[in-house]
Every structure is written in structure tokens, then in C-alpha cells.
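Position one of the sequence shown corresponds to residue 1 (our numbering), numbered consecutively onward. We put the beta carbon where it would ideally sit given N, CA and C, even for glycine.
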Amino acid sequence: MDKLTTLLSFLAALSIATERITEIIKGLPILSAWLAVERKPGLQEEFRKASVQGLALLAGTLVAYLVRDPLGKQFGVTDLSPYTYWVFGAMASGGSGIWNSALDIVREVNRRKQIATEKLKAA
1 MDKLTTLLSF LAALSIATER ITEIIKGLPI LSAWLAVERK PGLQEEFRKA SVQGLALLAG
61 TLVAYLVRDP LGKQFGVTDL SPYTYWVFGA MASGGSGIWN SALDIVREVN RRKQIATEKL
121 KAA
């Protein structure tokens, strides 16, 4: 369970980092006119949203790649496929909300296990 909690914590942190990097890039003077300004519904707006998602995917993939050594040590994995970074990047580009929910679920499971253990000790 500790490794699962560690993985979910990593994914939450990766999501937050990805979100921050994406927002910083969206705020750059030349890019902000395209990425940060919403347009009327239509093809341009859909392309803008897809561009922001693509940027978030690249940012998440880059961050996952940059932390590969500590991540590998934490999980005892020495060789990760390049596709692994893309998968982590895709998960992170969805936002941090999903990982916060996942961490809440893990905490609740741990709490229930603790209650069950205490009941067994009391019996």
C-alpha cells in the first residue's frame, strides 16, 4: 500500500507541476495571444484548446522524464520504457483533481484497515 500511496503522490505532484508549467508558458508574451485568450466557439477555439492540451502533455512528459532516477529508485525499477514517460505525461495533463481524489480514496482505505485492525486487537 505504501508504494501505491507513493505512486499516487507522485502523480498528483506531477499533475500540479504540469499545470504550473503550462500556465507559465501560456503567459509568455508571444504565446499568450494564442494560448490564453478564449475565442468564440468554433474551429479556432477547438484548435486553441487542443494546443493547450498538447502543451500540457509535453510538459508532463518532460517532467516525468526529468524525475526518472528518483522515481526508479523509489520503485526499484532500473529501466523504464520511453513510453512510460508519455503515459505519465498524459495522466498528468488531465489536471490534479483526479489524483487528489485518488489520494483521498487511498487514505480512506488505509483508515478503514486501521479501524479493522483496532477491532481485531480489541476482540
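Item                                                                                                                                : Value
Does the segment 70-89 touch the segment 38-47, meaning 3 or more C-beta pairs lie closer than 8 Å?                                 : no
Could you check whether residue 102 and residue 28 sit closer than 8 Å to each other, using their CB atoms as the reference points? : no
Along the chain, where does the alpha helix (DSSP H) containing residue 48 start, and where does it finish?                         : 43-66
Where do the ends of the alpha helix (DSSP H) carrying residue 37 lie?                                                              : Counting along the chain, residue 37 falls outside any alpha helix (DSSP H), and DSSP gives it neither H nor E.
What's the gap between the Cα of residue 118 and the Cα of residue 4?                                                               : 23 Å
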